[in-house]
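One structure is given below, encoded as structure tokens.
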């Protein structure tokens, strides 16, 4: 069975839009939570500006629990929670919820890693000038880590495109869903090819944008 | 103005205690350049960080202008810190900010208005000679330029103390001399008290008024730089002084000296104004003895002259004895006995 391309192209466009929506909103929400968690993780580390073993351990363990779970299992496992929060487990909005959770914790680790690579001497200098911990977070940690952080977020957004395709296969919509229903279940390799090409283009675009942005903020 | 009283700092590692600073008492006077010298691991860096509470003392008190700074609330401490400029071995500039942005940072923290900040930054840039680099980023600068930015940033809020953590150790000799001149200028023009730590004796020699020598967390010797230099008490101090001022010729030359008869050598030390009098020639002429300067140097320390000469005498033994005893009443003279080393 062959696809009717005249009616098919609008579906491709719609699916691409859905994928972009999922990735975009997840990236925004995941970045907000991820940066907050990552910053907390960093500043509560031993000997850091707001050292707090309790908070650090809780966050650290939480991240280590969530991150290793394969996304497709996590997606299904938390579907009751998704239903409770979003009201449904099907569709683009429903996919954004689990994606945001996973993205938040991945971004938290990326943020933490970037912050760890900041020269502690720079933080010490700010302390010596009388900066409060909150000032250090906003005027030293974030600006100093911004360049590599954007690269890290780019890396995450590429894997979010991957996650969105996974979410698509279990009713999340987007290109994953399209590839599943037309390409896989109807054995139409040309549809498969189109989705793969679009996915590759999306990834390339994301990477290019990330590189350009990070270059703007990197001063090293 | 800064007083350490019986200060100790102990770090607790896994199962070990490190006594970084042990029972140190020091007073640093207003407007002076005070140097703390020690080999690495001597505890000088920890001692320096106690001044602005980047490290808290385990015991003892540190007072600045009579205030025990360990008793300040976090808010008061931050305010106090803005009155203590600090510069670092690795400069610690913000990479994400321009030169001007780095210098403006402490002023922003202090809540200055934008216009006032701009004026102050321009003034500081011209003071450190970097007016043309305002818009550059730190990574575009040389080491010496980075340290100049560090100094400008540290001075921005017009602190009354500047503490320097090995500020010249990452720089080449010429740049070091440059930065030291700048620190001297800071001290002279603004009357800022400078407390510095270093492992290089020439830093102490060229700008400090007073010095403390640290070893194993303790201050083993301290005093006026001229006094410590001309009359070191401790072996470690002597080693530091020898690093900038060799007082014995090399073994090759000494061997040759011994081969050619090897007369007794005397070390004559002149301090201060006496270097201007022709003491040696007057006394030797009077006793009809000739002298021969084998080795030595005359250098300036703290705007005083300091001569350290190795001398041999020729003439009748009794006359030489008479010469030596007369010289001993005028200068520091002693027979050199450690020639075999």
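Chains as they are written, first to last, in the working numbering: chain F, 1071 to 1290; chain A, 1003 to 1343.
Backbone N, C-alpha and C fix where the C-beta goes; we use that ideal spot for every residue, glycine too.
All values reported here derive from a predicted model rather than from experimental measurement.
C-beta atoms of residue i and residue j nearer than 7 Å
i                       : j                       : result
residue 1273 of chain F : residue 1236 of chain F : no
residue 1333 of chain A : residue 1267 of chain A : no
residue 1220 of chain F : residue 1284 of chain F : yes
residue 1088 of chain A : residue 1198 of chain F : yes
residue 1011 of chain A : residue 1022 of chain A : yes
residue 1210 of chain A : residue 1035 of chain A : yes
residue 1309 of chain A : residue 1296 of chain A : no
residue 1170 of chain F : residue 1096 of chain F : yes
residue 1148 of chain A : residue 1100 of chain A : no
residue 1112 of chain F : residue 1217 of chain F : no
residue 1270 of chain F : residue 1109 of chain F : no
residue 1040 of chain A : residue 1046 of chain A : yes
residue 1173 of chain A : residue 1201 of chain F : no
residue 1103 of chain F : residue 1115 of chain F : no
residue 1228 of chain A : residue 1282 of chain A : no
residue 1298 of chain A : residue 1307 of chain A : no
residue 1197 of chain A : residue 1066 of chain A : no
residue 1050 of chain A : residue 1226 of chain A : no
residue 1100 of chain F : residue 1177 of chain F : yes
residue 1252 of chain F : residue 1261 of chain F : yes
Proximity test, Cβ basis, 7 Å: residue i and chain A
i                       : result
residue 1203 of chain F : no
residue 1041 of chain F : Given a span of 1071 to 1290 for chain F in the structure shown, any question on residue 1041 of chain F remains unanswerable.
residue 1113 of chain F : no
residue 1213 of chain F : yes
residue 1195 of chain F : yes
Own chain partners of residue i with C-beta closer than 8 Å, once the 5 adjacent residues on each side are dropped
i                       : result
residue 1155 of chain F : 1167
residue 1343 of chain A : Low per-residue confidence applies at residue 1343 of chain A: pLDDT is 44, beneath 50, and the placement is therefore not dependable, though the value from the model is reported in the following sentence. For residue 1343 of chain A, where only same-chain residues beyond five positions count, the Cβ hits under 8 Å are 1250.
residue 1323 of chain A : none
residue 1192 of chain F : 1210 and 1214
residue 1080 of chain F : none
Test: residue i CB closer than 7 Å to a CB of chain F
i                       : result
residue 1098 of chain A : yes
residue 1189 of chain A : no
residue 950 of chain A  : Here chain A covers residues 1003 to 1343 and nothing more, so residue 950 of chain A does not appear.
residue 1127 of chain A : no
residue 1104 of chain A : no
residue 1251 of chain A : no
residue 1111 of chain A : yes
residue 1108 of chain A : yes
residue 1260 of chain A : no
residue 1054 of chain A : yes
residue 1150 of chain A : no
Proximal residues of chain A, C-beta to C-beta of residue i below 8 Å
i                       : result
residue 1181 of chain F : By Cβ distance, chain A contributes nothing, its closest Cβ being about 16 Å from residue 1181 of chain F, past 8 Å.
residue 1121 of chain F : Chain A residues near residue 1121 of chain F: none, gap ~13 Å exceeds 8 Å.
residue 1189 of chain F : 1092 and 1094
residue 1210 of chain F : 1096
Same chain, Cβ closer than 7 Å to residue i, neighbours up to 5 away in sequence not counted
i                       : result
residue 1162 of chain A : 1085, 1194 and 1195
residue 1158 of chain A : 1105, 1108, 1109, 1122 and 1126
residue 1093 of chain F : 1227, 1230, 1231 and 1234
residue 1086 of chain F : 1245 and 1268
residue 1028 of chain A : 1006, 1214, 1221 and 1224
residue 1232 of chain A : 1271, 1273 and 1308
residue 1074 of chain A : 1082
Under 7 Å from the C-beta of residue i: neighbouring residues of chain F
i                       : result
residue 1084 of chain A : 1199 and 1200
residue 1073 of chain A : The premise fails here: residue 1073 of chain A is roughly 17 Å from chain F at the closest Cβ pair, so nothing lies under 7 Å.
Residue i: contacting residues in chain B (beta-carbon distance under 9 Å)
i                       : result
residue 1147 of chain F : Here chain B cannot be found, since the structure's protein chains are F and A.
Listed by chain order, chain A residues near residue i by CB distance under 7 Å
i                       : result
residue 1192 of chain F : 1094 and 1096
residue 1216 of chain F : 1098
Cross-chain neighbours of residue i in chain F, by beta carbon under 8 Å
i                       : result
residue 1081 of chain A : 1200
Residues of its chain near residue i, where Cβ-Cβ distance is below 6 Å and the 5 sequence neighbours each way are ignored
i                       : result
residue 1246 of chain A : 1203, 1204 and 1207
Ignoring anything shorter than 3 residues, give me the beta strand (DSSP E) runs that lie fully in the region 1263-1331 of chain A, in order along the chain.
1268-1273, 1292-1303 and 1306-1316
Going along the chain, which unbroken runs of the alpha helix (DSSP H) with 4 or more residues stay wholly within the region 1156-1227 of chain F?
1162-1186, 1190-1198 and 1203-1206
Starting from the N-terminal side, write out each stretch of the alpha helix (DSSP H) that is 4 residues or longer and does not extend beyond the region 1056-1113 of chain A.
1076-1083 and 1101-1111
Any chance you could list the alpha helix (DSSP H) runs of at least 4 consecutive residues sitting entirely within the region 1233-1261 of chain F, in chain order?
1244-1248
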